[in-house]
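Asks: These protein sequence lines map, in sequence, to chains A and B. Heads up: the first sequence at position 214 corresponds to 216 in the numbering used here, and the numbers run straight through without jumps. Heads up: the second sequence at position 55 corresponds to 538 in the numbering used here, and the numbers run straight through without jumps.
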Amino acid sequence: MAELAVKIKDLRLKNPVLTASGTCGFGEEIADFVDLRALGGVVMKGTTLKPREGNDYPRMAETASGMLNAVGLQNKGVNNFVKNIYPNIKAISTNFIVNVNGSTVEEYVELTEIINELDQIPAIELNISCPNVKEGGMAFGVSCASAERVVKAVRKVYGKTLIVKLSPNVTDIAEIARAVESEGADSVSLVNTFLGMAIDAKTRKPVLSTVTGGLSGPAIKPIALRMVWQVYHAVTIPVIGMGGIMNATDAVEFILAGATAVQVGTAMFIDPTVPASIIEGIDHYLDANQYRSVNEIIGSLQI
Amino acid sequence: MWSKWEIRGMKKAVSELLLIENTQLNHDNFRLVLQSETELPQMVPGQFVNVQIRQATEIFLRRPFSVMDTDVKNRTFSLLVKILGRGSKVLTTCQPGEKISVILPLGKGFTMPSTTDKVLLVGGGSGVAPMLFLARACGLNPDQVHVLLGARTQADHIDVRLYQPFGKFYYTTENGSLGEKGFVTNHTVYKSKLADFDRVYACGPGPMMKAVAADAATAGVFCEVSLENMMACGFGVCLCCVEKTLSGNKCVCTEGPVFNINELTWQN
Chain A
3 MAELAVKIKD LRLKNPVLTA SGTCGFGEEI ADFVDLRALG GVVMKGTTLK PREGNDYPRM
63 AETASGMLNA VGLQNKGVNN FVKNIYPNIK AISTNFIVNV NGSTVEEYVE LTEIINELDQ
123 IPAIELNISC PNVKEGGMAF GVSCASAERV VKAVRKVYGK TLIVKLSPNV TDIAEIARAV
183 ESEGADSVSL VNTFLGMAID AKTRKPVLST VTGGLSGPAI KPIALRMVWQ VYHAVTIPVI
243 GMGGIMNATD AVEFILAGAT AVQVGTAMFI DPTVPASIIE GIDHYLDANQ YRSVNEIIGS
303 LQI
Chain B
484 MWSKWEIRGM KKAVSELLLI ENTQLNHDNF RLVLQSETEL PQMVPGQFVN VQIRQATEIF
544 LRRPFSVMDT DVKNRTFSLL VKILGRGSKV LTTCQPGEKI SVILPLGKGF TMPSTTDKVL
604 LVGGGSGVAP MLFLARACGL NPDQVHVLLG ARTQADHIDV RLYQPFGKFY YTTENGSLGE
664 KGFVTNHTVY KSKLADFDRV YACGPGPMMK AVAADAATAG VFCEVSLENM MACGFGVCLC
724 CVEKTLSGNK CVCTEGPVFN INELTWQN
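1) List the whole-angstrom C-beta distance separating residue 683 of chain B from residue 651 of chain B, where the pair is believed to meet the contact cut-off of C-beta under 8 Å.
2) Would you report the Cα separation of residue 677 of chain B and residue 669 of chain B, rounded to the nearest angstrom?
3) Excluding the five sequence neighbours on either side, which residues of its own chain have a C-beta within less than 7 Å of the C-beta of residue 294 of chain A, listed in chain order?
4) Measure the C-alpha to C-alpha separation of residue 688 of chain B and residue 719 of chain B and round it to an integer number of angstroms.
5) Mind pulling the chain A residues with CB within less than 9 Å of residue 535 of chain B?
6) Which of the three DSSP states is assigned to residue 517 of chain B in this structure?
7) Please confirm whether residue 66 of chain A has its beta-carbon closer than 8 Å to some beta-carbon of chain E.
8) Out of B/748, B/641, B/584, B/644, state which residue places its alpha-carbon closest to the alpha-carbon of residue 274 of chain A.
9) Excluding the 5 residues preceding and the 5 following residue 559 of chain B in the sequence, name in chain order all residues of the same chain whose CB lies nearer than 6 Å to its CB.
10) Taking any Cβ of chain B, which residues in the segment 73-89 of chain A have a Cβ under 7 Å from it, in chain order?
11) CA-CA distance, residue 777 of chain B and residue 151 of chain A?
12) Mind pulling the chain B residues with CB within less than 9 Å of residue 61 of chain A?
13) Taking C-beta pairs closer than 7 Å, name the residues in chain B that residue 222 of chain A reaches, listed in chain order.
14) Quick one: does the C-beta of residue 23 of chain A sit closer than 7 Å to a heavy atom of the ligand GTP?
15) At a CB-CB cut-off below 7 Å, which residues of chain B make contact with residue 1 of chain A?
16) Determine the extent of the alpha helix (DSSP H) in which residue 112 of chain A is found, giving its start and end residues.
17) To the nearest angstrom, how far is it from the Cα of residue 594 of chain B to the Cα of residue 205 of chain A?
18) So what does DSSP say about residue 82 of chain A, is it helix, strand or coil?
19) As a quick exercise: from A/188, A/242, A/240, A/265, pick the residue whose alpha carbon is nearest that of residue 219 of chain A.
20) So residue 63 of chain A packs on residue 193 of chain A, CB below 8 Å; how close in whole Å?
21) For residue 305 of chain A, count neighbouring C-beta atoms within 10 Å of its own C-beta (all shown protein chains included) and say buried if the count is 16 or more, exposed if not.
22) Using a Cβ-Cβ cut-off of 8 Å, state whether residue 27 of chain A counts as contacting chain B.
23) How is the alpha helix (DSSP H) around residue 286 of chain A delimited, first residue to last?
24) Could you pull out every unbroken beta strand (DSSP E) segment of at least 3 residues lying fully inside the segment 154-215 of chain A, listed in chain order?
25) Measure the alpha-carbon distance for residue 94 of chain A versus residue 506 of chain B and round it to whole angstroms.
26) Measuring only the C-alpha atoms, how far is residue 574 of chain B from residue 146 of chain A?
27) In whole angstroms, give me the CA-to-CA distance for residue 633 of chain B and residue 622 of chain B.
28) Closest to residue 120 of chain A by CA distance: which of A/184, A/89, A/216 is it?
29) Note down, in chain order, all residues in the segment 234-249 of chain A with a beta-carbon under 7 Å from any beta-carbon belonging to chain B.
30) From residue 85 of chain A to residue 79 of chain A, what distance separates their C-alpha atoms?
31) Going along chain A, which residues have a C-beta under 8 Å from residue 746 of chain B?
32) Is residue 385 of chain A close to chain B, meaning its C-beta is less than 8 Å from at least one C-beta of that chain?
33) Could you give the distance in angstroms between the alpha-carbon of residue 234 of chain A and the alpha-carbon of residue 245 of chain A?
34) Exposed or buried, what is residue 588 of chain B when buried is set at 16 or more other beta-carbons lying within 10 Å of its beta-carbon?
35) From the DSSP secondary-structure annotation, give me the bridge partner or partners of residue 494 of chain B.
36) Rounded to a whole number of angstroms, what is the C-alpha to C-alpha distance between residue 172 of chain A and residue 182 of chain A?
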């Protein structure tokens with residue numbers, strides 16, 4: 003058994019494997035399949051100040067080695083989270099991380115202030131990269147100036163671990179990462195989905211109601227790996243890597259590229275038990291290569 | 484949903500099941516029978532399973548199938564697999580002896596009728612599967628159960644002889660090659676006597692279910708339909724399979740697939 007614990011600023015993860023926002027509900031939905039306490043953490047479904055119905059059906063299209071989604075942050079709002087969900091999860095010993103969304107800087111701040119009051123939420127993931135909402139979301143994550151503005155405002159009201167989730171739909175992701183680091187982000191998580199689309203040639207119509215959506219799954223893994231590697235070399239804060247991780251080998255590749263922790267997303271849809279085998283597989287990799295701790299291999303890519 | 488945290492009865496699981504039978508029923512329908520090494524969870528008509536299509540790398544997501552029947556004693560259940568695309572096609576080539584990864588049991592089933600009810604079960608396409616299961620498992624006398632099945636031609640119907648002891652069966656085809664000519668909604672038992680039924684259950688293509696729902700609403704008859712919106716996960720995390728209801732978007736996979744028509748917005 004190698005040491006699997008890692009730290010993201012003050013946030014201690016018992017292992018580097020988290021489930022990604024939008025692929026594990028609020029934990030309850032996957033509790034039949036995986037022991038939540040065995041996870042490094044659960045990044046819960048994107049939450050907004052007010053309830054959101056999300057986009058019209060169809061919201062999903064299967065693509066080569068991946069899928070597009072256009073859910074559009076459907077959620078019951080933060081009050082529902084505080085009243086009906088938080089009381090049930092607060093006793094479970096894992097890191098429950100709230101994925102924070104807003105249409106304006108003020109909304110991000112107000113939502114963060116509410117989450118800040120919850121003792122058992124040790125961190126937030128500030129989502130400035132949702133590609134499926136008309137206002138806010140990705141718009142904040144595609145320019146340094148707007149990313150800085152929202153991170154600066156949220157940092158003022160939030161003392162716990164602040165992770166910022168980055169969009170890959172930018173010219174230079176390292177530049178955005180540096181910008182949010184300069185405003186006090188404790189960590190960056192990347193990548194959110196790539197903007198894509200699917201067309202039904204038979205009907206000559208887009209498959210998704212929103213025309214475009216976010217691409218995820220193994221199809222994006224090589225690009226995500228490259229971005230994690232670039233960002234790792236651009237910032238000093240810990241990087242959380244994700245994008246098409248399906249198994250332990252994929253996870254190890256992200257860690258070698260510079261990720262301190264990883265998130266498992268789309269793979270949850272196909273096998274919600276997979277986080278357990280990824281944790282076990284990372285451990286085997288470390289043992290087989292005689293590492294005592296996962297921390298020894300972070301960013302240890304041999305070039 | 485959170486009140487169920489402590490009292491959840493049926494645990495969902497990812498299970499490796501043994502394919503013990505793959506029978507071709509007609510030109511594009513197959514019956515697959517899967518067996519579990521351990522006790523099967525209880526499954527009711529209307530529930531479904533999500534099947535991994537392993538042999539084909541271009542098929543990324545699982546494919547959901549309604550349960551056609553269960554055999555608790557033998558730890559088996561059957562699926563009706565109709566070839567609709569690449570995923571279902573690959574699945575129908577699987578051979579007995581192969582292991583197949585299945586997530587089960589998923590979704591909420593039909594509301595069971597009361598003992599004195601007279602029920603009409605309307606099925607089309609793959610929607611025949613849950614109707615056959617319901618006919619067998621609803622606990623009514625055969626004279627209370629009326630099953631109306633529609634298909635394009637006689638060749639598109641499957642042999643349902645196994646289920647005939649459980650109810651009275653009626654058929655429609657678009658060319659009149661079996662039963663009455665037309666759609667299920669043109670059939671005599673449906674057209675003239677819909678209001679005589681206490682409950683109508685329907686599963687099949689969207690236009691069929693919408694037509695049945697509209698008629699049942701007009702006749703004031705209790706009606707449940709089973710939807711088959713596209714989904715990625717099947718257990719309520721991807722939020723892709725939503726159906727608009729009077730109380731907002733609901734996940735077909737966890738809050739359905741069975742819905743009472745009064746919940747839906749089809750009439751508007």
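Built from N, CA and C at the ideal position, the CB exists for glycine as well.
Replies: On the basis of the coordinates in this document:
1) As a working mapping, residue 683 of chain B is identified with position 200 in the second sequence. As a working mapping, residue 651 of chain B is identified with position 168 in the second sequence. 15 Å between Cβ atoms; not a contact.
2) By one-based count along the second sequence, residue 677 of chain B stands at place 194. By one-based count along the second sequence, residue 669 of chain B stands at place 186. Cα to Cα, the separation comes out at about 11 Å.
3) Working through the first sequence from its first residue, we reach residue 294 of chain A at position 292. 4, 5, listed in sequence order.
4) Counting from one through the second sequence, the residue named residue 688 of chain B turns up at place 205. Counting from one through the second sequence, the residue named residue 719 of chain B turns up at place 236. Rounded to the nearest angstrom, the gap between the Cα atoms of residue 688 of chain B and residue 719 of chain B is 23 Å.
5) Locating residue 535 of chain B in the second sequence gives position 52, counting from the first residue. Those are 272, 273, listed as they occur along chain A.
6) Translated into the one-based positions of the second sequence, residue 517 of chain B becomes position 34. Residue 517 of chain B: strand per DSSP, three-state reduction.
7) Note that chain E does not occur in the displayed structure, where the protein chains are A and B.
8) As a working note, residue 274 of chain A is residue 272 in the first sequence. That would be B/584, whose Cα lies nearest to the Cα of residue 274 of chain A.
9) Indexing the second sequence from 1 puts residue 559 of chain B at position 76. Same-chain partners within the cutoff: 516, 518.
10) Residues 73, 76, 86, 87.
11) Because chain B in this structure spans residues 484 to 751, residue 777 of chain B falls outside the shown range and cannot be described.
12) If you number the first sequence from 1, residue 61 of chain A lands on position 59. Under the 9 Å cutoff, chain B gives 713, 721, 722, 723, 724, 725.
13) Within the first sequence, the letter at position 220 stands for residue 222 of chain A. Identification of chain B residues near residue 222 of chain A by a Cβ-Cβ cut-off of 7 Å yields none; the smallest Cβ-Cβ distance measures about 12 Å.
14) Among the ligands in the structure shown, none appear at all, so the ligand GTP cannot be discussed.
15) What the structure shows of chain A is the stretch from 3 to 305, and residue 1 of chain A is not part of that stretch, so it cannot be assessed.
16) As a working mapping, residue 112 of chain A is identified with position 110 in the first sequence. Residues 107-118.
17) Mapped onto the second sequence, residue 594 of chain B falls at position 111. Mapped onto the first sequence, residue 205 of chain A falls at position 203. Whole-angstrom Cα-Cα distance: 37 Å.
18) Within the first sequence, residue 82 of chain A is the residue found at index 80, counting from 1. Three-state result, residue 82 of chain A: helix.
19) Taking the first sequence and counting its residues from 1, one reaches residue 219 of chain A at position 217. Selected option, being the one with the closest Cα: A/265.
20) In the first sequence, the residue the question calls residue 63 of chain A occupies position 61. In the first sequence, the residue the question calls residue 193 of chain A occupies position 191. Residue 193 of chain A and residue 63 of chain A do not touch by the CB rule: their CB atoms are close to 19 Å apart, not below 8 Å.
21) On the first sequence, position 303 is the one that residue 305 of chain A refers to. Per the 10 Å Cβ criterion, exposed.
22) By 1-based counting over the first sequence, the position of residue 27 of chain A is 25. It does; some Cβ of chain B falls within 8 Å.
23) Translated into the one-based positions of the first sequence, residue 286 of chain A becomes position 284. 276-290 is the span of the alpha helix (DSSP H), which, as asked, contains residue 286 of chain A.
24) Within the segment 154-215 of chain A, the complete beta strand (DSSP E) runs of at least 3 residues fall at 163-167, 189-192, 196-199.
25) Mapped onto the first sequence, residue 94 of chain A falls at position 92. Mapped onto the second sequence, residue 506 of chain B falls at position 23. Looking at the two C-alpha atoms, the distance is approximately 47 Å.
26) Start at 1 with the first residue of the second sequence, and residue 574 of chain B comes out as number 91. Start at 1 with the first residue of the first sequence, and residue 146 of chain A comes out as number 144. The C-alpha of residue 146 of chain A is placed about 48 Å away from the C-alpha of residue 574 of chain B.
27) Numbered from its first residue, the second sequence carries residue 633 of chain B at position 150. Numbered from its first residue, the second sequence carries residue 622 of chain B at position 139. It is roughly 24 Å from the alpha-carbon of residue 633 of chain B to the alpha-carbon of residue 622 of chain B.
28) As a first step, residue 120 of chain A must be located in the first sequence, where it is residue number 118. When A/184, A/89, A/216 are compared, the shortest CA-CA separation from residue 120 of chain A is found for A/89.
29) Residues passing the 7 Å Cβ filter: none.
30) Here residue 85 of chain A refers to the residue found at position 83 when the first sequence is read from its first residue. Here residue 79 of chain A refers to the residue found at position 77 when the first sequence is read from its first residue. When rounded, the distance between both Cα atoms is 10 Å.
31) Mapped onto the second sequence, residue 746 of chain B falls at position 263. Near residue 746 of chain B there are no residues of chain A at all, since even the closest Cβ is about 15 Å away, more than 8 Å.
32) Residue 385 of chain A lies beyond the stretch modelled for chain A, which goes from 3 to 305, so this question has no answer here.
33) Within the first sequence, the letter at position 232 stands for residue 234 of chain A. Within the first sequence, the letter at position 243 stands for residue 245 of chain A. Each residue's alpha carbon lies about 15 Å from the other.
34) Reading the second sequence from its first residue, position 105 is the one you call residue 588 of chain B. Buried, by the Cβ-count rule.
35) By one-based count along the second sequence, residue 494 of chain B stands at place 11. The partner list for residue 494 of chain B (beta bridge, DSSP) is empty, contrary to what the question assumes.
36) Along the first sequence, read from residue 1 onward, the residue named residue 172 of chain A stands at position 170. Along the first sequence, read from residue 1 onward, the residue named residue 182 of chain A stands at position 180. Rounded to whole angstroms, residue 172 of chain A to residue 182 of chain A spans 14 Å at the Cα level.
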